[in-house]
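Structure record follows, encoded as structure tokens.
Numbering (my numbering), first residue to last: 713 to 1109.
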């Protein structure tokens, strides 16, 4: 009976030793070619004394090489999927320096992360790369060097899968934020979130997204090609007071799309797929379109010219057209109209030939052309113009 008990205890002790063996025996390779394989993201990976190993300066971003290393320990880890990884020696109590790169031994390397003293994170002299993006199937070589210490220590490799793609919220208040890209709107089956602002009837539930414009331009929202019977609305405003900007139903077969919705930088827009036709999950795309460059003269920054102006010489400019342009400066300070607010303008520029000369600017045109003229010494934003004139020559300045 005693022999049996002794045998069982021996087996248990052996199993415990095998479970801890990978961490206690992992020391890191002495060069890239013998890099220790880290099979999975884990904690407590041991690094042996940083002596005798080969240091590769090409593996390190120049901004991180704050010491003069001579030796290193090497590890390699293959990312299991797209996501984010973090290499950290926080808590080790050792002054460390780490670099992470992709490539092959001997280079060339592409440095993807590095750190010396993570003073803003775990503090002290430990290293922490913070989370950086990784690509599934790619080998990441990790080099710990002896720039500040040759002592061994333990470190962690953490891995995060990317969050699932936005599938929409059940109502406007819980709209899921998106940026331009491809998405799948889950079939709206609950929540009673349909707004019935663009369409006055026919829906109870909806799937909602929000888009924060980061620049002026237009957006396209399209479920064409999804194979689902969708109905779509786009709004600005707030969830309590939505303003319908556009809607679509059966624009491309039974699918829907809304094209060319103007957006303003800093404004939030709401996208709703409702259950009018009880669709299944629908693939859709949000596309941002940058505005075209301004036509010559449309903006102050794109002023026509500079026009050559010589002393005692007349310079003429062909006809100017303001219709169709936009007003990018403040309203004219000398407009004689009653409450008139210009909504378009055209800009020209000239360089004064010398100091102290008088420049006379006049306009000619048909009698019903009512313009206001201002002269600035810089593109306007605030302040007052050098000169301003309205209706001196009939309706012309």
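Think of the CB as a built atom: it goes at the ideal place given N, C-alpha and C, for glycine as much as any other residue.
Cα separation between residue 1092 and residue 972?
The count along the chain shown starts at 1 and reaches residue 1092 at position 380. The count along the chain shown starts at 1 and reaches residue 972 at position 260. Distance between the alpha carbons of residue 1092 and residue 972 is about 30 Å.
From the DSSP output, which residues share a beta bridge with residue 1100?
Taking the chain shown and counting its residues from 1, one reaches residue 1100 at position 388. Per DSSP, 1086.
Beta strand (DSSP E) containing residue 984: first to last residue?
If you number the chain shown from 1, residue 984 lands on position 272. Start and end: 980-986.
Is there a Cβ from chain B that is less than 9 Å from the Cβ of residue 1006?
Included in the structure is just one protein chain, with no chain B present.
Pick helix, strand or coil for residue 965, following the three-state DSSP scheme.
The sequence position of residue 965 within the chain shown is 253, counting from 1. In the structure shown, residue 965 sits in coil (DSSP, three-state: anything other than H, G, I, E or B).
Terminal residues of the continuous beta strand (DSSP E) containing residue 837?
Translated into the one-based positions of the chain shown, residue 837 becomes position 125. Looking at the DSSP string, residue 837 is not in any beta strand (DSSP E), and its letter there is neither H nor E.
From what residue to what residue does the beta strand (DSSP E) around residue 795 run?
For the purposes of this step, residue 795 is identified with residue 83 of the chain shown, where counting begins at 1. Per DSSP, residue 795 belongs to the beta strand (DSSP E) from 795-800.
Within 8 Å: the Cβ of residue 951 and any heavy atom of the ligand COA?
The ligand COA is not part of the structure shown, which contains no ligands of any sort.
With burial defined as no fewer than 16 other Cβ atoms inside 10 Å of the residue's Cβ, what is the status of residue 1098: buried or exposed?
Taking the chain shown and counting its residues from 1, one reaches residue 1098 at position 386. Within 10 angstroms of the beta-carbon of residue 1098 lie fewer than 16 other beta-carbons, which makes it exposed.
I'd like to know if the region 979-987 and the region 899-909 are in contact, where contact means that at least 3 CB-CB pairs between them fall below 8 Å.
Three or more pairs of CB atoms, one per stretch, sit closer than 8 Å, so the region 979-987 contacts the region 899-909.
Between which two residues does the beta strand (DSSP E) holding residue 1016 run?
Taking the first residue of the chain shown as position 1, residue 1016 is located at position 304. Run containing residue 1016: 1016-1019, per the beta strand (DSSP E) assignment.
For residue 762, which of 980, 940, 864 and 975 has the nearest alpha-carbon?
Locating residue 762 in the chain shown gives position 50, where the first residue counts as 1. Comparing Cα-Cα distances from residue 762 to each of 980, 940, 864 and 975, the minimum goes to 864.
My output table needs one value for residue 823: the three-state DSSP class, helix, strand or coil.
Numbered from its first residue, the chain shown carries residue 823 at position 111. If DSSP states are grouped into helix, strand and coil, residue 823 belongs with the strands.
What does residue 767 pair with, by DSSP beta-bridge criteria?
The sequence position of residue 767 within the chain shown is 55, counting from 1. Its beta-bridge partners do not exist; DSSP assigns none.
Is DSSP giving residue 887 helix, strand or coil here?
The count along the chain shown starts at 1 and reaches residue 887 at position 175. Coil, per DSSP.
Measure the Cβ-Cβ separation of residue 801 and residue 860 and say whether it is below 9 Å.
Taking the chain shown and counting its residues from 1, one reaches residue 801 at position 89. Taking the chain shown and counting its residues from 1, one reaches residue 860 at position 148. No, Cβ-Cβ distance for residue 801 and residue 860 is not below 9 Å.
For residue 1009, count the other beta carbons within 10 Å of its own beta carbon; 16 or more makes it buried, fewer makes it exposed. Which is it?
The residue you call residue 1009 lines up with position 297 of the chain shown. Counting Cβ neighbours within 10 Å, residue 1009 comes out buried, since at least 16 surround it.
If you run the structure through DSSP and keep just helix, strand and coil, what is residue 1002?
As a first step, residue 1002 is located in the chain shown; it is residue number 290 there, counting from the start. The answer is coil: DSSP assigns residue 1002 none of H, G, I, E or B.
Could you tell me the alpha carbon to alpha carbon distance between residue 993 and residue 848, rounded to whole angstroms?
Sequence index remark: in the chain shown, residue 993 carries index 281 (1-based). Sequence index remark: in the chain shown, residue 848 carries index 136 (1-based). Their backbone Cα atoms lie some 27 Å apart in a straight line.
Whether or not the region 801-816 and the region 869-888 are in contact is what I'm after, with contact meaning three or more pairs of Cβ atoms, one per stretch, closer than 8 Å; do they touch?
no
So for residue 913, helix, strand or coil by DSSP?
Numbered from its first residue, the chain shown carries residue 913 at position 201. Secondary structure at residue 913: coil, using DSSP grouped into helix, strand and coil.
Measuring alpha carbon to alpha carbon, tell me which residue in 834, 757 and 858 is nearest residue 781.
Working through the chain shown from its first residue, we reach residue 781 at position 69. When only C-alpha atoms are compared, the closest one is 858.
Pull the bridge partners of residue 956 from the DSSP assignment, please.
As a first step, residue 956 must be located in the chain shown, where it is residue number 244. 947.
Among 1100, 997 and 868, which has the Cα closest to the Cα of residue 1046?
By one-based count along the chain shown, residue 1046 stands at place 334. That would be 1100, whose Cα lies nearest to the Cα of residue 1046.
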